[in-house]
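A.B. asks: Its first residue numbered 50, the sequence shown is counted upward by one per residue in this note's numbering.
Glycine included, each C-beta is placed from N, C-alpha and C at the ideal position.
Computed from a prediction, not measured in an experiment: that's the story for all the values here.
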Amino acid sequence: MEQRRFGTAARCGMTDITGDVEQYLHARAADGIQDGFVCIYSPHTTCAVTINEGFDPDVQRDISTFLSKLVPENSGFRHSEGNSDAHVKVSLIGASCLVPVIGGRTALGQWQRVFLCEFDGPRTRTLYFSFIRAE
Ligand code: ZN
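1. Of the residues S91, V139, S129 and G152, which one's Cα is nearest the Cα of R54?
2. For T57, does the count of other Cβ atoms within 10 angstroms reach 16, so buried, or fall short, so exposed?
3. When DSSP labels each residue in this structure, what does A97 get in the three-state scheme?
4. Once DSSP output is grouped into helix, strand and coil, what is the label at T67?
5. Do R162 and G103 have their CB atoms nearer than 7 Å?
6. Relative to the alpha-carbon of M50, which residue among D80, C88 and D84 has its alpha-carbon at the smallest distance?
Structure (structure tokens):
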């Protein structure tokens, strides 16, 4: 399991980490990695991971804007830390994702990219990367 750190620049936003997934695979090419999945896991309760379109940055903005409308920051939450909206958003998006790997390379769709989703930044985040072999 490899840990990688990422700095986020705003309270909410999506950071394209596809290059890190490709670097992770490239660094393991000597291990004979062929087919399987890279699991990317966020050990944080206010930071998620997802796969979505990376071609048009408006898609990322639309997702962030929609989530902020769906789960407003001041919704009368009880959690004293004041970031329950971020906790709810992580449960909606998910704390991990699997990226398919074929022949040692990512097999994402043409427009797909992997994103770290920050909901309570800016912060330094750690993500866990691991490879899972598949038949
Ligand atoms: Zn909290």
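C.D. replies: In short:
1. S91
2. buried
3. strand
4. helix
5. yes
6. C88
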